[in-house]
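In our numbering, the protein residues as written are 4 to 366.
Don't be surprised by glycine CBs; every beta carbon is placed ideally from N, CA and C.
It should be emphasised that the depicted structure is a prediction, and the values quoted were computed from it without experimental measurement.
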């Protein structure tokens, strides 16, 4: 298993680099640049060219990517040895102007439209907030989805099954883009004003935890203020995922309880609760675990919309803003972080496989 984990991590490196290059190429293929406008006014051509030269946007795409990965100094050295390659003359002229240390040294670059701010600073401030929101929403989805799916399967073709299936379909059908504003209108704006003693504690927007965070990720206080701010965003983000988990758990458990070994267990006289909990439930959760990895990343990336609706200063807010500003380092850095999360989530799923079913092993 250890060799498998190491092999998976090594294979993920070229995947992440390929993804980074694809983002590089796609962002620069979009018309417009980060220094075309300041507010509503266009910059003079000479000023724009100086800024682009300082950030190496006048370099050929391949050398820009080399600077992002290896740093300006290493790229300059490589270019001196490959002086005959087209574009190296431009690189050698302005390699000393940049400040990129390269991704290999943990530098995600300098934000183009936020003066004096690095992408590392933005990620350090905003990622813990997106992480906290994503974890609360995912926990809510699992705690609601798995029990609801189990109950629906055990009460198949009863009003409980029909009701849970209906709620799951409704939950899947309402996107968080609609559910978020709807929750704000119902609770803080309507019920909060009509019944301030009951619902007045629910805020409309912002987040209830501020830096510094414990271990860089967790809020230092989990008091009522934190949960009051997290309630509506977590519901808006986790509802669709809890519905998906409930439907998958129900379908998987219904399939498992019809297997021969379940009939054998019942024929041996085992208690129904033992048959379900010990023999059926563990195997039925394998398909659910399969989707939890991608769902976990989808929850975190889904915060883009929810953070905008609830005014939460997370990473999604910077990502959405940077797309409009053509801030290439922020877009690339945030996307790479989500790619690494996806790799780690899938790796964790494969490890849990081995625990749930010993027949599933990797050498």
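Check each candidate in 145, 131, 335, 157 and name the one with the smallest Cα separation from residue 19. 335
Go through its chain and collect everything with a Cβ distance to residue 91's Cβ below 7 Å, but skip five positions before and after it. Excluding residues within five positions, the ones whose Cβ falls inside 7 Å are 82, 85.
Go to residue 76, then tell me how far its alpha helix (DSSP H) extends in each direction, as first and last residue. 75-84
Compare the C-alpha of residue 185 against each of 228, 235, 289 and name the closest. 235
Do you know how far the Cα of residue 107 is from the Cα of residue 10? 19 Å
Nearest residue (CA-CA) to residue 105, options 7, 332, 226, 282: 332
Measuring alpha carbon to alpha carbon, tell me which residue in 260, 114, 338, 151 is nearest residue 284. With distances taken between Cα atoms, residue 284 lies closest to 260.
Please go through the same chain and pick out, in chain order, the residues whose beta-carbon is closer than 8 Å to the beta-carbon of residue 237, but skip the five residues on each side of it. 136, 139, 140, 143
Would the beta-carbon of residue 242 fall within 8 Å of that of residue 299? no
Could you give the DSSP three-state label for residue 285: helix, strand or coil? helix
Using a Cβ-Cβ cutoff of less than 7 Å, which residues in the same chain neighbour residue 164 once the five nearest sequence positions on both sides are dropped? 155, 158
Just the C-alpha distance for residue 350 and residue 252, rounded to the nearest angstrom, thanks. 21 Å
On the criterion of 16 or more Cβ atoms from any shown chain inside 10 Å, does residue 291 qualify as buried, or is it exposed? buried
Residue 113 - partner residues in DSSP beta bridges: 121
8 Å Cβ cutoff met for residue 25 and residue 330: no
Terminal residues of the continuous alpha helix (DSSP H) containing residue 3? The question about residue 3 has no answer here: the residues shown for the chain are numbered 4 through 366.
Who are the Cβ neighbours of residue 321 in its own chain at under 8 Å, not counting the five residues just before and after it? In the same chain as residue 321, and ignoring 5 residues on each side of it, the C-beta atoms closer than 8 Å to its own belong to 125, 129, 333, 337, in chain order.
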